[in-house]
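Chemist:
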Amino acid sequence: MLGRGEHATYLASDVPALLPYTRDVIRMRDGEIARLQEDSVELMDLSGRPHAAEIERITWDTDSAEKGGYPHFMLKEIHEQPRALRETIAGRVSEIDGDVRLTLAMSDEEMHSLERVSIIACGTSYHAGLLAKYLFTRAAGLPVDVEVASEFQHLSVRPKSLLLGITQSGETADTLLALKKAKTCGVRSLAITNVVGSTVTELVDGTIYTRCGPEIGVAATKTFTSQLVALILVAVRLGRARGHLTPDQARKMLIELSKLPGLVQRVLEKRDQIKEIAETYAGAATYFFIGRDYLYPIALEGALKMKEIAYIPSEGYAGGELKHGPLALITERTPVVALATCGKKIQSNIKEVRARGAEVIAISTEGDPDIGKVASVVIELPETRPVFSAVLCTVVVQLLAYYTASKLGLAIDKPRNLAKCVTVE
């Protein structure tokens with residue numbers, strides 16, 4: 001990323017770093033070389049042939065790249081999620097028709113003929129893809145493969161597939177490389193990203209922008225929940241095109257989706273309770289997160305957040321997998337976060353770890369009469385359909401990790417050894 005200022009030029013990995021100096025930026029492409037001088041920028045390819053430099057004017061409100069009174073960008077961005085989700089939804093939903101307006105670069109006939117969806121992503125975006133596996137299968141009747149992008153490079157793409165790349169920055173090197181390989185197979189491709197004009201948009205047939213504004217903190221928060229909402233919209237569109245969702249089924253789902261930002265706001269109002277819990281267990285040597293169904297990917301995301309910013313070794317598991325090995329690591333007072341808003345089956349897993357002396361932090365639905373009997377502490381969330389409950393649980397695990405790291409006095413926005421935009425393989 002290059003910046004053009006008055007009597008100065010700049011080089012950075014992302015736009016926010018340039019904003020204090022200039023709002024005129026140039027996005028470099030793969031294989032380009034830049035020669036920077038005080039008053040000029042020259043672009044060329046590897047053979048020295050000149051390229052035109054296209055200057056883009058950044059129109060963000062400057063407050064978007066400032067903390068706005070919050071102690072950290074991460075906490076600010078967690079609290080921006082109600083607005084971010086509204087932006088992701090805005091103009092894309094027709095509750096009357098029970099359908100979604102998205103530019104997928106595919107006709108209904110092409111969507112109907114799909115036989116598979118292949119999702120590639122890294123890190124937090126990979127967890128979004130795992131949730132989409134459950135969602136697309138149920139809403140659109142499509143089998144789904146989800147692969148870590150760095151491993152996908154060595155796998156073949158099946159015919160009649162939709163290839164979906166998820167990357168918040170649009171510049172994730174492993175995801176871009178996998179998409180380039182897949183293009184040679186002739187399948188349709190789609191990207192979900194937050195950055196307009198990023199490299200990924202040049203590699204795919206269609207792009208869905210999450211539109212949630214700049215995210216400065218290294219640990220993804222609002223970009224992740226916005227990815228989940230974007231995937232819900234894609235699932236509804238595929239489901240309608242394939243006849244797997246009736247207009248009435250889709251309409252009910254979309255009406256509930258429109259209420260999701262308000263439910264997220266209600267979860268944010270529980271921050272004091274979550275902070276108290278986080279500070280109680282901040283000295284833990286390890287953390288476990290367990291969930292089933294839609295909440296299994298959120299358990300993985302919760303563990304990743306705790307590792308990223310609190311530096312506490314953490315594991316996320318499907319509830320049913322505990323008995324296949326991980327129980328050996330449960331000791332007296334080990335904190336286990338049980339995501340328990342999607343059915344009663346997780347309660348048997350809670351009993352398993354409690355019997356080994358674990359402290360269980362249960363995230364449940366308001367009014368659950370049983371969870372308090374088996375958990376050490378309960379965080380109650382508004383009732384909604386299971387896939388939307390996954391978004392609400394995400395906000396809780398984000399706050400839990402944030403307040404743990406805050407109690408430990410760590411560099412929350414810039415965790416060690418990590419970068420916001422991962423442009424290396």
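Residue numbering for the sequence shown is 1 to 425, as defined by the working numbering.
Virtual Cβ for every residue (Gly too), placed ideally from N, Cα, C.
Determine the burial state of residue 172: buried for a count of at least 16 other Cβ atoms within 10 Å of its Cβ, exposed for fewer.
Modeler: So residue 172 counts as buried.
Chemist: Which one or two residues does DSSP pair with residue 44 in a beta bridge?
Modeler: In the DSSP output, where bridge partners are listed per residue, residue 44 has 33, 50.
Chemist: Should the stretch 331–339 be regarded as contacting the stretch 278–294, the criterion being three or more beta carbon pairs within less than 8 Å?
Modeler: Yes, they touch.
Chemist: Let me confirm a value: residue 35 is counted as buried when at least 16 other C-beta atoms fall within 10 Å, else exposed. Which label applies?
Modeler: Residue 35 comes out exposed.
Chemist: For the beta strand (DSSP E) containing residue 148, name the first residue and the last one.
Modeler: Note, residue 148: beta strand (DSSP E), 144–148.
Chemist: Check residue 62 in the structure and name its three-state DSSP category.
Modeler: Residue confidence is low: residue 62 scores 49 on pLDDT, short of 50, so the model does not pin down where it sits. Its coordinate-derived value is still stated next. Three-state DSSP puts residue 62 in a helix.
Chemist: Are three or more beta carbon pairs between the stretch 196–208 and the stretch 384–401 nearer than 8 Å?
Modeler: The stretch 196–208 vs the stretch 384–401: no contact.
Chemist: Report, in whole angstroms, the separation of the C-beta atoms of residue 382 and residue 293, which I expect to be a contact under 8 Å.
Modeler: Incorrect: roughly 18 Å between the Cβ atoms, too far for contact.
Chemist: DSSP on residue 359, reduced to helix/strand/coil?
Modeler: If DSSP states are grouped into helix, strand and coil, residue 359 belongs with the strands.
Chemist: Taking the beta carbon of residue 27 as the centre, do at least 16 other beta carbons fall within 10 Å, making it buried, or is it exposed?
Modeler: Classification for residue 27: buried.
Chemist: Beta strand (DSSP E) containing residue 162: first to last residue?
Modeler: Here the beta strand (DSSP E) through residue 162 covers 161–166.
Chemist: Whose C-alpha, out of 352, 310, 305, is nearest the C-alpha of residue 325?
Modeler: Answer by Cα proximity: 352.
Chemist: Counting only runs of 3+ residues fully inside the stretch 56–124, write out the beta strand (DSSP E) ranges in chain order.
Modeler: The qualifying runs are 116–121.
Chemist: Tell me, please, which residues DSSP counts as bridged to residue 13.
Modeler: Answer is none; residue 13 lacks a bridge partner.
Chemist: Rounded to the nearest angstrom, how far is the Cβ of residue 169 from that of residue 198, given a contact under 8 Å?
Modeler: Right, their Cβ atoms sit about 6 Å apart.
Chemist: Decide if residue 416 is buried, meaning its Cβ has at least 16 other Cβ atoms within 10 Å, or exposed.
Modeler: Exposed, by the Cβ-count rule.
Chemist: From which residue to which residue does the alpha helix (DSSP H) around residue 277 run?
Modeler: First-last of the alpha helix (DSSP H) with residue 277: 271–280.
Chemist: Taking the CB atoms as reference points, tell me whether residue 406 and residue 380 lie closer together than 9 Å.
Modeler: No. Outside cutoff.
Chemist: Give the range of the beta strand (DSSP E) segment to which residue 207 is assigned.
Modeler: Start and end: 206–209.
Chemist: With residue 88 and residue 230 assumed to form a contact (beta carbons below 8 Å), what rounded beta-carbon distance in angstroms separates them?
Modeler: That pair is a contact at about 6 Å.
Chemist: Are the Cβ atoms of residue 116 and residue 189 separated by less than 9 Å?
Modeler: No.
Chemist: Starting from the C-beta of residue 129, find all residues in its chain whose C-beta is less than 6 Å away, skip the five residues before and the five after it, and write them out in chain order.
Modeler: Closer than 6 Å at the Cβ level, and outside the excluded window around residue 129, lie 119, 121, 146, 166.
Chemist: What would DSSP say about residue 369, mapped onto helix, strand or coil?
Modeler: In this structure, residue 369 counts as coil in the three-state DSSP scheme.
Chemist: Residues in its own chain within less than 8 Å of residue 367 by CB, not counting five upstream and five downstream?
Modeler: So the list reads 380, 383, once near-sequence residues are dropped.
Chemist: For residue 256, report the span of its alpha helix (DSSP H) as first-last.
Modeler: 247–268 is the span of the alpha helix (DSSP H), which, as asked, contains residue 256.
Chemist: What's the C-alpha gap between residue 99 and residue 106?
Modeler: Between residue 99 and residue 106, the C-alpha separation is close to 15 Å.
Chemist: Nearest-angstrom Cα distance between residue 23 and residue 217?
Modeler: Cα to Cα, the separation comes out at about 20 Å.
Chemist: Assuming residue 301 is part of the alpha helix (DSSP H), what are its boundary residues?
Modeler: Per DSSP, residue 301 belongs to the alpha helix (DSSP H) from 295–310.
Chemist: Between which two residues does the beta strand (DSSP E) holding residue 26 run?
Modeler: Residues 24–26.
Chemist: Would the beta-carbon of residue 78 fall within 9 Å of that of residue 4?
Modeler: For residue 78 and residue 4, no; Cβs fall outside 9 Å.
Chemist: To the nearest angstrom, how far is it from the Cα of residue 62 to the Cα of residue 209?
Modeler: No answer about residue 62 holds up, because its pLDDT of 49 lies below 50 and its placement is not dependable.
Chemist: Can you name, in chain order, every residue of its own chain whose Cβ lies under 7 Å from the Cβ of residue 17, other than the five neighbours on each side?
Modeler: Excluding positions up to five away in sequence, the list is empty.
Chemist: Could you tell me which residues DSSP puts in a beta bridge with residue 335?
Modeler: Note: residue 335 sits in a beta bridge opposite 359.
Chemist: At a Cβ threshold of 9 Å, is residue 326 touching chain C?
Modeler: No chain C appears in this structure, which consists of one protein chain only.
Chemist: Taking just the CA atoms, how far does residue 310 sit from residue 72?
Modeler: So the alpha carbons of these two residues sit roughly 14 Å apart.
Chemist: Got a sec? Which residues, its chain only, sit under 7 Å from residue 233 by beta carbon, not counting five neighbours each side?
Modeler: Result list for residue 233: 92, 100, 102, in chain order.
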